[in-house]
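A quick write-up on the structure given underneath.
Residue numbers (our numbering): 53 to 240.
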């Protein structure tokens with residue numbers, strides 16, 4: 053069973069379950085909401101939309117009695133007012149600094165985009181705070197097999213990591229979902 057707990061912008065509003073927490077984070081339009089729905093085996097838990105920036109608060113969901121899933125607003129382009137978008141970074145930085153129950157951040161990367169400075173800075177920031185991070189490539193179904201191999205290598209090179217260090221997912225084909233379950237279970 054998965055249930056919505058609350059939406060929050062500040063630590064005093066975060067749920068106090070004491071359960072380990074897994075955060076999903078990525079650039080706007082990486083397929084975060086769709087992937088979360090696949091991971092928790094629900095079609096409609098997290099609303100999906102065609103316009104980037106639908107998630108504007110930190111949304112917390114309890115998964116069974118096992119862990120809490122935190123759905124973070126995306127970074128980068130979002131079709132929201134500038135004042136709201138500017139508030140995302142401080143809100144997320146505060147979350148990463150203060151959330152003691154955070155066990156894993158799943159950083160989502162669209163297979164069709166080569167990561168840039170933003171992604172490398174996020175990985176470095178999480179590492180400096182000793183927050184376990186897994187790099188998850190999304191939307192594998194959007195490219196051909198040969199293109200997928202090429203793109204995974206390009207993304208890996210952008211981080212200076214081997215291609216095997218990434219979980220490659222496709223919500224449409226349900227690819228990589230069992231690997232994410234294993235990763236989450238090993239982190240809680």
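Here a beta-carbon is modelled for each residue, glycine too, at the ideal position from N, C-alpha and C.
Residue from the options whose Cα sits closest to the Cα of residue i
i	options	result
residue 76	94, 90, 159, 70	159
residue 191	176, 213, 229, 157	229
residue 237	62, 165, 225, 115	115
residue 162	221, 65, 149	221
residue 109	176, 218, 186, 65	65
residue 193	207, 227, 215, 122	227
residue 117	144, 164, 85, 57	57
residue 55	87, 125, 197, 93	93
residue 164	172, 225, 87, 202	202
Sub-8 Å separation of residue i and residue j beta-carbons
i	j	result
residue 69	residue 120	yes
residue 178	residue 195	no
residue 211	residue 167	yes
residue 141	residue 239	no
residue 146	residue 214	no
residue 122	residue 73	yes
Residue i in three-state terms, based on DSSP
i	result
residue 183	coil
residue 208	helix
residue 87	helix
residue 203	helix
residue 78	strand
residue 223	coil
residue 158	strand
residue 191	coil
residue 104	Because residue 104 carries a pLDDT of 48, less than 50, the predicted location of this residue cannot be relied on, and the following value inherits that uncertainty. It is coil, neither helix nor strand.
Contacting residues, own chain, Cβ-Cβ under 8 Å from residue i (five flanking each side not counted)
i	result
residue 89	95, 96, 97, 98, 100, 223
residue 144	77, 110, 124, 125, 127
residue 208	214, 215, 217, 218
Within-8 Å CB hit, residue i to chain C
i	result
residue 157	Within the model displayed, chain C is absent; a lone protein chain is all it includes.
For residue j and residue i, believed in contact at Cβ under 8 Å, the rounded distance
i	j	result
residue 71	residue 153	7 Å
residue 175	residue 189	Not really, about 14 Å apart at Cβ, beyond 8 Å.
Proximal residues to residue i (C-beta, below 6 Å), its chain only, five neighbours per side dropped
i	result
residue 60	66, 110
residue 91	232
Contacting residues, own chain, Cβ-Cβ under 7 Å from residue i (five flanking each side not counted)
i	result
residue 183	148, 154, 157
residue 206	166
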